[in-house]
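Student: Supplied in structure tokens, the structure appears directly below.
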Amino acid sequence: MIRIPRMRTGASTGAEVAAEDWLQALRASAGIAVPLGLLVLILCVILGAAKGIQYTLDAISYGSIFALLAMGLALLFGVMGLMNFAYGELIMAGAYTMYFTRSWGWLGMIVITIVVVTILSLLMELLAFRPLRRASPVTLLITSFAVSYALQELAWTDVLGLSHRFNATIGTGPQKGVQPYPWLTHQFSISGVLISKLEIAIWIVTLVILLAMTFLLRRTTLGIQLRASTEDFRMAQLVGVRANWVISAAFGITGLIAGVASLLYIFRNGQVAPDIGQGPLFIAFVGGVIGGLGSLSGAALGGFVLGVVINILNASLPFKLHSYALLFAFVAVIAIVVFQPEGLITVRGGALLRVWRRFRKPVTEGAPA
Amino acid sequence: MLKLNDVSVHYGRIAAVQGLSLEVNEGELVGLVGHNGAGKSTTLWTITGVLRPSAGQITFAGRSLLGLSPDAILRRGIALVPENRRIFSRLTVGENLRIGTSARKDRRHADQDIAKMCDRFPALGTFFGRRASTLSGGEQQQLAIARALLSRPRLLLLDEPTLGLAPLIVDRVFESLQELNREGVTMLLVEQNAARTIEVADRTYVLRSGGRIAFHGTQEELAEVGDFETAYIGMAAAE
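As structure tokens, this is what we get:
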């Protein structure tokens with residue numbers, strides 16, 4: 186916790202900084218709320234009010250998972266320039282852990298899964314990435330591919346004597362992966378809108394994690410060190426930030442996020458397979474690029490938006506075009522990369538922020554007196 | 112306190128520093144001047160552990176610094192104010208100061224020291240909650256110096272602290288460096304502004320290109336070498 190020592194303060198106080206944070210958060214959420222509102226409206230017109238709202242809520246819960254994943258990717262990318270493609274295998278590991286602990290009751294399953302995934306993430310750093318501390322980003326990227334494939338192959342093969350138990354791919358075997366808890370996925374109706382406890386849980390969990398991350402980054406010493414390392418890793422080291430400590434912390438945090446995300450994802454889908462992590466990783470990665478991997482909030486927003494768009498396309502496209510949902514989404518991505526290469530929201534303020542600036546008064550911050 | 116003995120640093124096959132020896136004693140303000148590309152910054156990056164010397168010894172307080180990581184070297188008591196200040200522009204002024212205390216364990220004293228820094232450099236107190244990028248160049252330099260001092264270094268390395276600052280601000284920076292030195296902070300000051308550096312420093316090393324020492328001595332000794340400024344500029348032009 187940072188306590189700001191009392192001193193003569195002319196312009197700004199702690200309270201003012203907090204207010205500024207909130208203002209930023211408000212601005213960002215307004216940036217999401219306006220397009221989302223439009224989306225709801227369009228869907229409601231096309232599908233009727235109840236269906237439209239239901240699709241939107243469903244899309245929000247789907248997008249939330251990718252917001253979490255994209256944020257995890259962005260954290261590692263920012264701190265150590267690593268685009269971690271082995272991140273998907275954390276989700277796979279989470280899925281398998283859930284499968285093996287499915288009879289332990291939901292609380293045990295949740296706790297064990299999060300712990301296992303976090304530990305795996307830390308091990309990944311220790312064994313694969315720590316020896317490459319002075320390596321170039323390209324080396325790190327290729328290493329992450331290697332780790333990704335190694336873990337996937339481990340899941341495919343019979344090394345642990347696991348796969349034959351469920352015919353290699355659990356989803357195609359006798360069991361359908363992790364059976365959904367009926368009380369969690371049972372849909373109930375609020376004036377025609379079908380909704381499940383799981384969806385509500387996904388919104389709440391995502392919101393809690395986003396708020397916790399904001400708090401961590403803004404208000405704790407570790408958070409300041411992470412942000413400083415993201416901006417200038419070498420300089421952070423030169424003022425005494427321990428490189429190993431911040432990188433381990435970043436891997437720990439992303440592992441935690443991946444653990445939670447895999448729980449939400451598998452509770453929603455149920456399927457468990459060695460390559461289960463690939464799809465979500467890809468969407469989170471592209472979403473992160475859209476939002477800008479240079480900033481956590483940007484990446485989270487990008488992952489969210491892409492998740493929502495893909496889900497809505499899935500829901501609204503005619504059945505024949507279903508398999509093209511990703512195609513449409515990625516055409517949009519190419520357009521964004523062409524016209525806004527640094528992402529919609531970036532450190533310096535991307536397109537969304539620029540649009541927003543037109544609507545508000547000139548900022549008081551700026552040149553010092 | 113700090114000793115460089117016959118240190119060479121190479122970028123690939125190009126030697127940036129060759130056979131450099133220098134010494135900084137407790138309480139001294141030592142200058143290191145030379146023209147562009149003489150190897151001044153390379154020397155500092157090598158002392159702080161960012162670059163590895165290809166030959167030679169670096170010792171601090173009797174112990175070798177070779178092979179230590181930058182954060183370990185900071186913990187030994189050497190802090191750097193780097194060229195172009197390199198403050199964390201996305202962090203607030205207060206957070207920049209806070210991160211300067213990362214290596215310290217005495218939280219309570221660290222908080223007091225932050226408050227003291229804000230007394231010493233009033234601009235930092237005034238803009239405590241602002242983003243560091245909104246500070247002016249001179250204020251950013253103050254922030255960079257304060258950030259380095261907050262680790263309570265035994266030796267402060269400064270890399271061109273007056274670069275790109277208005278003449279009036281340059282005077283202020285040199286004044287505050289002298290003031291800090293009088294308070295007991297040992298410093299190694301790297302500068303292009305040779306005349307001013309020789310004036311304020313106890314001793315000054317003059318580098319010529321390739322990182323070799325051309326002259327070394329106090330203000331008076333260097334004055335005896337001849338018209339120093341011409342010698343220095345002439346040397347710069349010749350190489």
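So the protein lines, in turn, are chains A and B.
Residue numbering for the first sequence follows this note's numbering, starting at 186 and increasing by one per position.
Residue numbering for the second sequence follows this note's numbering, starting at 112 and increasing by one per position.
Quick reminder that beta carbons are idealized off the backbone N, C-alpha and C, glycines included.
Can you check whether the CB of B/Thr159 is closer than 7 angstroms to the CB of B/Ile125?
Tutor: Not in contact: B/Ile125 and B/Thr159 (Cβ atoms no closer than 7 angstroms).
Student: In the DSSP assignment, what are the bridge partners of A/Met283?
Tutor: In the DSSP output, where bridge partners are listed per residue, A/Met283 has none listed.
Student: Around the C-beta of A/Leu260, are 16 or more other C-beta atoms found within 10 angstroms, so that it is buried, or is it exposed?
Tutor: Counting Cβ neighbours within 10 Å, A/Leu260 comes out buried, since at least 16 surround it.
Student: Comparing the CB of A/Leu224 with every heavy atom of the ligand SAH, is any distance shorter than 6 angstroms?
Tutor: Questions concerning the ligand SAH fall outside what the structure shown contains, since it holds no ligand whatsoever.
Student: Check whether the Cβ of B/Ser287 lies closer than 7 angstroms to any Cβ atom in chain A.
Tutor: No, its Cβ sits nowhere closer than 7 angstroms to a Cβ of chain A.
Student: A/Arg419 touches chain B at which residues, Cβ-Cβ below 7 angstroms?
Tutor: The contacting residues are Val161.
Student: On a Cα-Cα basis, can you pick out the residue from A/Ile385, A/Val518 and A/Ser288 that is closest to A/Arg453?
Tutor: Nearest C-alpha to A/Arg453: A/Ile385.
Student: Give the single residue among A/Asp460, A/Thr439, A/Leu232 and A/Phe489 whose Cα lies nearest to the Cα of A/Leu307.
Tutor: Among A/Asp460, A/Thr439, A/Leu232 and A/Phe489, the Cα nearest to that of A/Leu307 belongs to A/Thr439.
Student: Apart from the five residues just before and just after A/Gln422, which ones in its own chain have a Cβ nearer than 7 angstroms to its Cβ?
Tutor: The residues are Ala428.
Student: With distances taken between CB atoms, is the gap from B/Leu269 to B/Leu291 smaller than 7 angstroms?
Tutor: Result no, Cβ atoms of B/Leu269 and B/Leu291 do not sit closer than 7 angstroms.
Student: Can you tell me which residues form a DSSP beta bridge with A/Ser321?
Tutor: A/Ser321 is not bridged to any residue.
Student: Could you check which residue in A/Tyr284, A/Met265 and A/Ala235 has the C-alpha nearest to that of A/Leu317?
Tutor: It is A/Met265 whose Cα lies nearest to the Cα of A/Leu317.
Student: Kindly indicate if chain B contains any beta-carbon less than 7 angstroms away from that of A/Ala514.
Tutor: Not an interface residue.
Student: Run through chain A and tell me which residues come within less than 7 angstroms of B/Leu202, C-beta to C-beta.
Tutor: Going along chain A in sequence order, the residues near B/Leu202 (Cβ under 7 angstroms) are Ile409, Arg412 and Ala413.
Student: Contact check, B/Arg215 vs B/Ser262 under 8 angstroms by CB: the rounded distance?
Tutor: Yes, they are in contact, since the Cβ atoms of B/Arg215 and B/Ser262 sit about 7 angstroms apart, within 8 angstroms.
Student: Going by C-alpha to C-alpha distance, which of A/Ile475, A/Glu310 and A/Tyr284 sits closest to A/Ile521?
Tutor: The candidate whose alpha carbon is nearest that of A/Ile521 is A/Ile475.
Student: Per DSSP, what kind of secondary structure is B/Ala126 in: helix, strand or coil?
Tutor: In this structure, B/Ala126 counts as strand in the three-state DSSP scheme.
Student: So with Cβ pairs under 7 angstroms, would you call A/Val424 a contact of chain B?
Tutor: True, the Cβ-Cβ gap to chain B drops below 7 angstroms.
Student: Which value, in whole angstroms, describes the spacing of the CA atoms of A/Lys361 and A/Gln456?
Tutor: Because the pLDDT of A/Lys361 is 49, which lies under 50, any placement of that residue in the model is unreliable, and the number read from its coordinates should be weighed accordingly. The straight-line gap from Cα to Cα measures roughly 6 angstroms.
Student: Does the count of Cβ pairs from the segment 398 to 405 of chain A and the segment 163 to 173 of chain B closer than 8 angstroms reach three?
Tutor: No, the segment 398 to 405 of chain A is not in contact with the segment 163 to 173 of chain B.
Student: For A/His371, is the classification buried or exposed, using 16 other Cβ atoms within 10 angstroms of its Cβ as the cut-off for buried?
Tutor: With fewer than 16 other Cβ atoms within 10 Å, it is exposed.
Student: With a 10 Å radius around its C-beta and 16 neighbouring C-beta atoms as the bar for buried, classify B/Tyr316 as buried or exposed.
Tutor: By the neighbour-count rule (16 or more Cβ atoms within 10 Å), B/Tyr316 is buried.
Student: In terms of residues, what are the limits of the beta strand (DSSP E) holding B/Gly142?
Tutor: Looking at the DSSP string, the run of the beta strand (DSSP E) that includes B/Gly142 is Leu140 to Val144.
Student: Quick check on this structure: which residue in A/Leu395, A/Leu491, A/Ile238 and A/Leu226 has the alpha carbon closest to the alpha carbon of A/Ile375?
Tutor: The shortest C-alpha separation from A/Ile375 is found at A/Ile238.
Student: When the Cα atoms are used, what is the spatial distance from B/Leu113 to B/Arg314?
Tutor: One C-alpha to the other measures close to 14 angstroms.
Student: DSSP on A/Val426, reduced to helix/strand/coil?
Tutor: A/Val426 falls in the coil class under three-state DSSP.
Student: Can you round the beta-carbon distance between B/Gly138 and B/Thr297 to whole angstroms, since I take them to be within the 8 angstroms contact cut?
Tutor: Contact flag correct, Cβ pair sits at about 6 angstroms.
Student: If you drop the 5 nearest sequence neighbours on each side, which residues of the same chain put their C-beta closer than 8 angstroms to that of B/Arg241?
Tutor: Thr203 and Val204, listed in sequence order.
Student: Is it the case that the Cβ atoms of A/Met256 and A/Ala484 are separated by a distance below 7 angstroms?
Tutor: Taking 7 angstroms as the Cβ cut-off, A/Met256 and A/Ala484 qualify as a contacting pair.
Student: At least one CB of chain B closer than 7 angstroms to the CB of A/Thr531: is that the case?
Tutor: Low local confidence applies: a pLDDT of 48 at A/Thr531 is under 50, so the model's placement there is unreliable, and no value is given.
Student: By Cβ distance below 7 angstroms, which residues in the same chain neighbour A/Val225 in space, the five residues on each side in sequence not counted?
Tutor: Cβ within range, chain order: Gly237, Ile238 and Thr241.
Student: Whole angstroms are fine: how far does the CA of A/Val230 sit from the CA of A/Phe467?
Tutor: Those two C-alpha atoms are separated by around 32 angstroms.
Student: Please state whether DSSP places A/Leu486 in a helix, a strand or coil.
Tutor: Reduced to three states, the DSSP call for A/Leu486 is helix.
Student: Is there contact here, the segment 169 to 176 of chain B with the segment 322 to 334 of chain B, by at least three beta-carbon pairs under 8 angstroms?
Tutor: Contact between the segment 169 to 176 of chain B and the segment 322 to 334 of chain B is absent, because fewer than three Cβ pairs lie under 8 angstroms.
Student: I think A/Ala446 touches A/Leu254, with their Cβ atoms under 8 angstroms apart; what is that distance to the nearest whole Å?
Tutor: About 5 angstroms separates the two Cβ atoms, so the contact holds.
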